[in-house]
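Below: the structure, in structure tokens.
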Amino acid sequence: MNYQELKEQKLYWEDLAIGEVFETPSRTITEADIVNFACLSADFNRLHVDTTYASQSAFGQRIAHGMLVVSVMSGLTTRMLLNHFIEDNLLGLLDMHVRFPKPVFVGDTIHVRVEVIDKNETSKPERGIVTFRRQAVDQRGQVAVEGEWKLLLRRRPR
Numbered sequence: 201m202n203y204q205e206l207k208e209q210k211l212y213w214e215d216l217a218i219g220e221v222f223e224t225p226s227r228t229i230t231e232a233d234i235v236n237f238a239c240l241s242a243d244f245n246r247l248h249v250d251t252t253y254a255s256q257s258a259f260g261q262r263i264a265h266g267m268l269v270v271s272v273m274s275g276l277t278t279r280m281l282l283n284h285f286i287e288d289n290l291l292g293l294l295d296m297h298v299r300f301p302k303p304v305f306v307g308d309t310i311h312v313r314v315e316v317i318d319k320n321e322t323s324k325p326e327r328g329i330v331t332f333r334r335q336a337v338d339q340r341g342q343v344a345v346e347g348e349w350k351l352l353l354r355r356r357p358r
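Residue numbers (our numbering): 201 to 358.
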């Protein structure tokens with residue numbers, strides 16, 4: 201398959217199989233990320249922005265905002281090859297549930313493991329729902345953030 205054919209290939213709801221796993225590129229969380237996210241979100245919680253306060257916390261240092269990590273996860277998933285193939289057929293995010301089992305610190309490098317865990321038909325035959333488990337995995341192999349994202353996708357035209 202040449203580049204143009206590969207570029208034009210699209211995946212539909214039917215093309216994703218439960219149990220398939222994909223991995224994103226990685227990205228290091230920086231001091232600038234935390235400061236910029238605090239300014240953007242107006243979340244100046246001391247665990248994120250106050251070194252002295254955070255050093256006395258259970259974490260021993262400042263931690264990245266959970267929603268910053270979720271946002272980075274979203275960005276990393278758009279850089280996956282899988283995203284290129286489904287983006288034209290993605291109709292929207294329906295639901296998302298997230299947990300934060302481990303903190304992310306300045307200097308941690310994360311990537312996202314994406315697994316297809318469920319598929320459902322909808323009342324409209326041209327659409328289907330895919331549930332993905334996404335896990336932000338740090339450089340130590342620990343899951344820092346995990347959750348389920350339900351996406352509405354086009355089904356293959358009949």
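No residue lacks a Cβ here, since even glycine has one placed at the ideal position from N, Cα and C.
Bear in mind the structure is a predicted one, so any value in this text is a computation, not a measurement.
8 Å Cβ cutoff met for residue i and residue j
| i | j | result |
| --- | --- | --- |
| V345 | V298 | yes |
| F300 | G266 | yes |
| V312 | L216 | no |
| I234 | K319 | no |
| L247 | I263 | yes |
Cβ distance (whole Å) where residue i is taken to contact residue j below 8 Å
| i | j | result |
| --- | --- | --- |
| K210 | F285 | 6 Å |
| T251 | V306 | That pair is no contact at about 10 Å. |
| M373 | G347 | For residue 373 there is no data in the structure shown, the boundaries of the chain being 201 and 358. |
| G317 | A336 | Per the sequence shown, the amino acid found at residue 317 is Ile instead of Gly. Contact doesn't hold; Cβ gap of about 16 Å is too wide. |
Cut-off 6 Å between Cβ atoms - residues of its own chain near residue i, not counting five sequence neighbours on either side
| i | result |
| --- | --- |
| L268 | F237 |
| W213 | G328, L353 and R355 |
| D359 | Because the chain in this structure spans residues 201 to 358, residue 359 falls outside the shown range and cannot be described. |
| V221 | E315 |
Environment of residue i [buried if 16+ CB atoms lie within 10 Å]
| i | result |
| --- | --- |
| Q339 | exposed |
| P303 | buried |
| A258 | exposed |
| A232 | exposed |
| A254 | buried |
| M201 | In this prediction, M201 scores a pLDDT of 47, lower than 50, which makes its location untrustworthy; the coordinate-derived value is nonetheless stated afterwards. It counts as exposed. |
Nonlocal neighbours in the same chain, by C-beta distance under 7 Å from residue i, ignoring five residues either side
| i | result |
| --- | --- |
| L293 | W349 and L351 |
| V270 | V298 and V345 |
| D288 | K210 |
| L290 | L351 and L353 |
Cut-off 8 Å between Cβ atoms - residues of its own chain near residue i, not counting five sequence neighbours on either side
| i | result |
| --- | --- |
| L240 | none |
| E326 | R354, R355 and P357 |
How about the stretch 259 to 279 and the stretch 211 to 228: do they share at least three Cβ pairs that are nearer than 8 Å? Taking 8 Å as the limit for Cβ pairs, the verdict is that the stretch 211 to 228 does touch the stretch 259 to 279.
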